[in-house]
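Colleague:
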Amino acid sequence: MTNAAGGPLLSAICVTASQITESAGAGLSLHSNGSRGSTCSHGFGAQAGEDSQVLLGVGPGLDAFAAGALVEEPHLGAATSTRWPAFDLSMLAVGIRAVSSFPLQFGAARFGVLILYASRAGPMTRDQTADGYVIAQIAAYAVVGSQAGMSDDLLAPVFENGFASVARVHQATGILMARLGIRAEEALVRLRAVAFRAGPPLGAMAADIVAGRFEYESEGEH
Numbered sequence: 357m358t359n360a361a362g363g364p365l366l367s368a369i370c371v372t373a374s375q376i377t378e379s380a381g382a383g384l385s386l387h388s389n390g391s392r393g394s395t396c397s398h399g400f401g402a403q404a405g406e407d408s409q410v411l412l413g414v415g416p417g418l419d420a421f422a423a424g425a426l427v428e429e430p431h432l433g434a435a436t437s438t439r440w441p442a443f444d445l446s447m448l449a450v451g452i453r454a455v456s457s458f459p460l461q462f463g464a465a466r467f468g469v470l471i472l473y474a475s476r477a478g479p480m481t482r483d484q485t486a487d488g489y490v491i492a493q494i495a496a497y498a499v500v501g502s503q504a505g506m507s508d509d510l511l512a513p514v515f516e517n518g519f520a521s522v523a524r525v526h527q528a529t530g531i532l533m534a535r536l537g538i539r540a541e542e543a544l545v546r547l548r549a550v551a552f553r554a555g556p557p558l559g560a561m562a563a564d565i566v567a568g569r570f571e572y573e574s575e576g577e578h
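The sequence shown: position 182 = 538 (my numbering), numbered continuously.
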């Protein structure tokens, strides 16, 4: 089931996010002037998760937006999960066991989150994390374009081309892991950081690294 208040393109992003990451559900929400509203949700547990965060005022989406970084809870309700006990209970009640939230960012601006809901406990895989970052960036472009008055027809090519970059992000992550001797999570963080500083979208920077057009220098990055 898909619930949408943000138009067909953002609804399609929610659906695709759930499918590509093999999540039970996905939700997109926007934050503006201290308020938060659900834009779309798709799949199992997603709307319940969006509603719970609005009602409780806590949860992974709010934390990811505040921090501007991925917030992941792979074991909702476990003794180690103490950040949002009421949210944990609401998710367990509908069969959700893990959540991951990615901020929507455009340059230095931050204006929403993508949340992935899993019916099985455990952390995301490297590929799921990479996909989540790419999808969050695509959603950010769609939101900015929509706010600038662009129609879904004009934004659709950005959506389509963006998902074509998923494989390139995976490849670039592997290259950085091998070159720098680091874990996948750190490689993704560094890829995002260099794309932010250099200016191009994450997928474009990944393509440059894969093609050898950009040499990542480790000095000064530690």
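For every residue, glycine included, the Cβ atom is placed at its ideal position computed from N, Cα and C.
Hey, out of 455, 381 and 400, whose CA is closest to residue 417's CA?
Modeller: Within the sequence shown, residue 417 is the residue found at index 61, counting from 1. Cα-wise, what sits closest to residue 417 is 455.
Colleague: Among 539, 530 and 537, whose alpha-carbon lies nearest the alpha-carbon of residue 563?
Modeller: Reading the sequence shown from its first residue, position 207 is the one you call residue 563. Checked all of 539, 530 and 537; the closest Cα to residue 563 is 530.
Colleague: Between the C-alpha atoms of residue 551 and residue 558, what's the straight-line distance to the nearest angstrom?
Modeller: As a working note, residue 551 is residue 195 in the sequence shown. As a working note, residue 558 is residue 202 in the sequence shown. When rounded, the distance between both Cα atoms is 6 Å.
Colleague: Per DSSP, residue 466 is paired with what?
Modeller: On the sequence shown, residue 466 is found 110 positions in, with the first residue counted as 1. The partner list for residue 466 (beta bridge, DSSP) reads 461.
Colleague: Can you tell me whether residue 375 is buried or exposed, with buried defined as 16 or more other CB within 10 angstroms of its CB?
Modeller: On the sequence shown, position 19 is the one that residue 375 refers to. Residue 375 comes out exposed.
Colleague: So residue 547 packs on residue 495, CB below 8 Å; how close in whole Å?
Modeller: Residue mapping note: residue 547 aligns to position 191 of the sequence shown, counting from 1. Residue mapping note: residue 495 aligns to position 139 of the sequence shown, counting from 1. The Cβ separation is near 18 Å, so there is no contact.
Colleague: Looking at the structure shown, is residue 510 part of a helix, part of a strand, or coil, going by DSSP?
Modeller: Reading the sequence shown from its first residue, position 154 is the one you call residue 510. Note that residue 510 scores 45 on pLDDT, short of 50, meaning its location in the model is unreliable and no value can be drawn from it.
Colleague: Considering just the uninterrupted stretch of the beta strand (DSSP E) at residue 428, what are its terminal residues?
Modeller: As a working note, residue 428 is residue 72 in the sequence shown. Residues 427–429.
Colleague: Measure the alpha-carbon distance for residue 571 versus residue 426 and round it to whole angstroms.
Modeller: As a first step, residue 571 must be located in the sequence shown, where it is residue number 215. As a first step, residue 426 must be located in the sequence shown, where it is residue number 70. For residue 571 and residue 426, the distance between alpha carbons rounds to 26 Å.
Colleague: For residue 385 and residue 420, which I take to be in contact (beta-carbon distance under 8 Å), what is that distance rounded to the nearest angstrom?
Modeller: As a working note, residue 385 is residue 29 in the sequence shown. As a working note, residue 420 is residue 64 in the sequence shown. Actually they do not touch by this definition, with Cβ atoms about 10 Å apart.
Colleague: Return helix, strand or coil for residue 374, following the three-state DSSP convention.
Modeller: Taking the first residue of the sequence shown as position 1, residue 374 is located at position 18. Helix.
Colleague: Just verifying my parser: in three-state terms, what is the DSSP assignment at residue 434?
Modeller: In the sequence shown, residue 434 corresponds to position 78, counting from 1. If DSSP states are grouped into helix, strand and coil, residue 434 belongs with coil.
Colleague: Taking buried to mean at least 16 other C-beta atoms within 10 Å of its own C-beta, is residue 485 buried or exposed?
Modeller: Mapped onto the sequence shown, residue 485 falls at position 129. Buried.
Colleague: Note down, in chain order, each residue of its chain lying with its Cβ closer than 6 Å to the Cβ of residue 401, except the 5 sequence neighbours on either side.
Modeller: Taking the sequence shown and counting its residues from 1, the one referred to as residue 401 is at position 45. For residue 401, where only same-chain residues beyond five positions count, the Cβ hits under 6 Å are 380, 381, 450, 452 and 473.
Colleague: Just to confirm before moving on: does the CB-CB distance between residue 430 and residue 477 stay below 9 Å?
Modeller: Sequence index remark: in the sequence shown, residue 430 carries index 74 (1-based). Sequence index remark: in the sequence shown, residue 477 carries index 121 (1-based). In this structure, residue 477 lies closer than 9 Å to residue 430 by Cβ.
Colleague: Do residue 446 and residue 412 count as a contact pair if the criterion is CB distance below 9 Å?
Modeller: Numbered from 1 along the sequence shown, position 56 holds the residue referred to as residue 412. Numbered from 1 along the sequence shown, position 90 holds the residue referred to as residue 446. For residue 412 and residue 446, yes; Cβs fall inside 9 Å.
Colleague: Sorted by chain position, which residues of the same chain lie with C-beta nearer than 8 Å to residue 479's C-beta, five sequence neighbours on each side aside?
Modeller: As a first step, residue 479 is located in the sequence shown; it is residue number 123 there, counting from the start. Hits under 8 Å: 428, 430 and 454.
Colleague: Could you tell me which residues DSSP puts in a beta bridge with residue 471?
Modeller: Here residue 471 refers to the residue found at position 115 when the sequence shown is read from its first residue. In DSSP, residue 471 forms a bridge with 383 and 457.
Colleague: What's the call for residue 575, buried or exposed, on a 16-neighbour Cβ count within 10 Å?
Modeller: To locate residue 575, count along the sequence shown from 1; it is residue 219. Bear in mind that a pLDDT of 44 at residue 575, under 50, signals an unreliable position, so the model cannot answer this.
Colleague: Let me confirm a value: residue 424 is counted as buried when at least 16 other C-beta atoms fall within 10 Å, else exposed. Which label applies?
Modeller: Taking the sequence shown and counting its residues from 1, the one referred to as residue 424 is at position 68. Under this definition residue 424 is an exposed residue.
Colleague: Considering Cα atoms alone, identify which of 468, 500 and 525 is closest to residue 483.
Modeller: Here residue 483 refers to the residue found at position 127 when the sequence shown is read from its first residue. The candidate whose alpha carbon is nearest that of residue 483 is 525.
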